[in-house]
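Asks: Same order as they appear, the protein sequences are chains S and P. Position in the first sequence counted from 1, then plus 105, gives you the numbering used here. Position in the second sequence counted from 1, then plus 26, gives you the numbering used here. Where is the CB? At the ideal position from N, CA and C, for every residue including glycine. To start, I am sharing the structure in question, which I have written as structure tokens.
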Amino acid sequence: MSKKFLTSLLLTALLAGCASGVKLDDVPVEDKSATSSGVSAQGIGNNANGAQTGVAGVVVEKSASGTGPVGVAHVVFFDYDSFVVRAEARPVIESHARFLQTNKQRKANLEGHTDERGGREYNLALGQKRAEAVRQALSLLGVPESQLEAVSYGKEKPAAQGSAESDLAKNRRVEIRY
Amino acid sequence: MYDHDIRNLNGHHIDMKLVFLRIDLLSWLLKLLVLSTLAVPSWAQFRVEVTGVGMTQLPVVIAPFKGEATAPQKLASIVQADLERSGQFKGLAAGSALMDETSRPDWSPWRQLSAEALVAGSVTRLADGRFDVRARLWDVVKGQEKGDFKDTVSAADLRLSAHRIADWVYQQLTGTPGAFASRISYVTKAGGRYSLWIADSDGENAQSALSSPEPIISPSWSPNGAQLAYVSFELRKPVVYVHELATGQRRPVANFKGSNSAPAWSADGKSLAATLSRDGGSQLFRIDLAGGEPRRLSPPGGINTEPAFSPDGSALFFVSDRGGSPQIYRMPTQGGPAERVTFSGTYNISPALSPDGRWLAYVSRVGGGFRLHLMELATGQVVALTDTSSDERPSFSPNSRLLVYATVFQGRESLMTTTLDGRIKARLAGQGGDIREPHWGPVRK
């Protein structure tokens, strides 16, 4: 089947769906997964005749994120090979601490990041150290641990794509996300 | 797939059959569209690119299989490419030889080519749709038959059958089991999407096991080859999943507060070692897949990650910064005092143990570059296997004769295989994005 044909089929189906008020969001997606994060699995592998080659593909969709304090930076930068929160980051961290103390039901994800050099798993551990440094700073300002989670993306989500030192510096960071 | 969905929905919504039939059709079309763009891999085969000089390679002729011209797979070329990638064979052109396993070879043309071994065979479609695959191996020098191969497979497993022939030839001629009938997994990043692929050991026949808008790292094969453990960021944090490949069934096995990563299977497939940050820092834990509380293996504080079981299950290798820089250590599997394994350099990570227990592969920073290194465990002797500068995540073939690893080649993330002497390298290049995070799985039975 050509892609063009599929696209036109899909468009027809979408239009038909709209006309009768069936929203795409309501489309039930088969979920063979134990999690509930919008995952679908379908047997694209050819398992007929007892073939051993089949693999059932799974497609994951984007999960939503919330908003934090308005008009406040949400990124804290770090020096090379450093896990110490810089003094200049203090006002940013204080703003987030105030927001979390006023909004007790809100939770912040402290997402540690590294530059691209080195292995993925080791960078994940380095990013974790940065995230935990920011968690500790927020904690010292009175934010309960229950509102905070320090996690790491390692080098997987660089803010800047280049390899110049200025790019690498932008990637050594913790993002405060809600 | 379609029938299956309808059956599911009918079971729950008998009165709304028609409505749901339509919705189901929509959902099906959506999936089909997504998969039509994602499930068609654009990666070629691992091609041999670097060949060391002065190597001893056995010259072999793999004649085209009778019937392969009309079969779904060209078996002879798959067998020949497998054997050449091993570094131990040199494929000679078979010319226009018309042969199968029943032929009585005329030795003189093959001896003129200096061929030492000859393989011929046939592939025949059976009445039930399956294929009968046969092959025979001859010693050209002695003019003697060396053995027969027979396999009956579905069309989808014809490539697997060709890899089995390569394994059989390899074993016959080297005395060591082959490992071509194995699979590798890897991750691609293209157009803002991450996909986890399962491919034959030659990089072909890739099928998507998972597609996600968030990163996927550290895929690790279960010992029986039916499952993968990996780290997915789809929940906006690293979570370890175990994924049944044939069905797509997956479940989070480590989703604790903080980061969860670096899964490694124990030899019995019943538990994982993984890195959890739930108690602060990055610590090693043992996770029983049947359930129960994870058991901590490393002391609190600092970084302990990238666990790798020794093949005999007695030791756990891992990376720790306890000495001030990342180095590889070894400790008893049940936990206990660790001893340092790497001493040269200030950055040694990503340990991989060969299944025969002889070798430790890892990545070491040399100057500003990250290069694949190999240590002979008995002697502690280390050699660098590459001159590239961004090598990552080595793993061994099941017969301990090849390594697969990720590197950057001409600005593009690629996968490479190398022989353990570093002399024969083959590259799997992405045509539409980056390829990374390879892991070599077990041989399929």
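Short check: CB of Arg209 of chain P to CB of Ala452 of chain P, under 7 angstroms?
Replies: no
Asks: With 16 as the cutoff for other CB atoms within 10 Å, does Leu152 of chain P come out buried or exposed?
Replies: exposed
Asks: Apart from the five residues on each side of it in sequence, which residues of its chain come closer than 7 angstroms, Cβ to Cβ, to Asp108 of chain P?
Replies: His189, Ala192, Phe206, Asp228
Asks: Would you give the residue range spanned by the alpha helix (DSSP H) that Ala230 of chain S belongs to?
Replies: 225–245
Asks: Out of S:Gly223, S:Ile281, S:Glu216, S:Leu243, point me to the one whose CA is closest to Pro397 of chain P's CA.
Replies: The amino acid occupying residue 397 of chain P in the given sequence is Arg; Pro does not appear at that position. Ranking the options by Cα distance to Arg397 of chain P, first place goes to S:Gly223.
Asks: How is Leu205 of chain S classed by DSSP in three states: helix, strand or coil?
Replies: helix
Asks: In chain P, which residues lie less than 9 angstroms from Asn214 of chain S when you measure between Cβ atoms?
Replies: Arg262, Lys263
Asks: Is the Cβ of Leu429 of chain P closer than 7 angstroms to any Cβ of chain S?
Replies: no
Asks: Looking at chain P, is there any beta carbon in it that lies within less than 7 angstroms of the beta carbon of Lys167 of chain S?
Replies: yes
Asks: According to DSSP, what are the bridge partners of Asn231 of chain P?
Replies: DSSP output for Asn231 of chain P lists no bridge partner at all.
Asks: Name the chain S residues whose beta carbon is nearer than 9 angstroms to that of Phe271 of chain P?
Replies: Looking at the sequence provided, one finds Leu at residue 271 of chain P rather than Phe. Chain-order list of chain S residues neighbouring Leu271 of chain P: Gly150, Gly159, Val160, Ala161, by C-beta distance under 9 angstroms.
Asks: Does DSSP put Gln197 of chain P in a helix, in a strand, or in coil?
Replies: helix
Asks: When we look at the beta-carbon of Asp177 of chain P and count the other beta-carbons within 10 Å, is it buried (16 or more) or exposed?
Replies: buried
Asks: Does any residue of chain P have a CB that is nearer than 7 angstroms to the CB of Leu205 of chain S?
Replies: no
Asks: Which one of P:Pro381, P:Arg156, P:Asp347 has the shortest CA to CA distance from Val367 of chain P?
Replies: For Val367 of chain P, the closest alpha carbon among the candidates P:Pro381, P:Arg156, P:Asp347 is that of P:Asp347.
Asks: Could you give the residue range of the beta strand (DSSP E) that holds Pro377 of chain P?
Replies: 374–379
Asks: Does any residue of chain S bring its CB to less than 7 angstroms from the CB of Lys176 of chain P?
Replies: no
Asks: Does DSSP put Lys283 of chain P in a helix, in a strand, or in coil?
Replies: coil
Asks: Given that Glu418 of chain P touches chain S, what residues does it touch there, using C-beta distances under 9 angstroms?
Replies: Gly223, Gly224, Arg225
Asks: Compare the C-beta of Gly327 of chain P with all C-beta atoms of chain S and state if any pair is closer than 7 angstroms.
Replies: no
Asks: Could you check whether the Cβ of Gln210 of chain S sits closer than 7 angstroms to any Cβ belonging to chain P?
Replies: no
Asks: At least one CB of chain S closer than 7 angstroms to the CB of Lys100 of chain P: is that the case?
Replies: no
Asks: Return the residue from the list P:Tyr355, P:Leu199, P:Arg160 that minimises the CA-CA distance to Val166 of chain P.
Replies: When only C-alpha atoms are compared, the closest one is P:Leu199.
Asks: So, does the CB of Glu261 of chain S fall closer than 7 angstroms to a CB anywhere in chain P?
Replies: yes
Asks: What does the alpha-carbon distance come out to for the pair Arg111 of chain P and Val164 of chain S?
Replies: Distance between the alpha carbons of Arg111 of chain P and Val164 of chain S is about 33 angstroms.
Asks: Within 10 angstroms of its Cβ, does Glu226 of chain S collect 16 or more other Cβ (buried), or is it exposed?
Replies: With 16 or more other Cβ atoms within 10 Å, it is buried.
Asks: If Ser336 of chain P and Phe343 of chain P are in contact, beta carbons under 8 angstroms, what's the gap, nearest whole angstrom?
Replies: 7 angstroms
Asks: For Gly284 of chain P, return the contacting residues in chain S, with the cut-off set at a CB-CB distance below 9 angstroms.
Replies: For the C-beta of Gly284 of chain P, the chain S residues within less than 9 angstroms are, from N- to C-terminus, Gln233, Ala236, Glu237, Glu254, Ala255, Val256, Ser257.
Asks: Taking the runs of the beta strand (DSSP E) that are 3 residues or longer, which of them lie wholly in the segment 246–326 of chain P?
Replies: Taking only runs of at least 3 residues, the beta strand (DSSP E) segments lying wholly in the segment 246–326 of chain P are 253–258, 265–270, 276–280, 286–291, 297–302, 309–314.
Asks: With a threshold of 7 angstroms between beta-carbons, can Ala235 of chain P be considered close to chain S, or not?
Replies: Closer than 7 angstroms to some Cβ of chain S, the Cβ of Ala235 of chain P qualifies, so yes.
Asks: Return the residue from the list P:Ser370, P:Ser308, P:Ser380, P:Asn330 that minimises the CA-CA distance to Met357 of chain P.
Replies: P:Asn330
Asks: Should Arg195 of chain S go down as buried or exposed, given a rule of 16 or more other Cβ atoms within 10 Å for buried?
Replies: exposed
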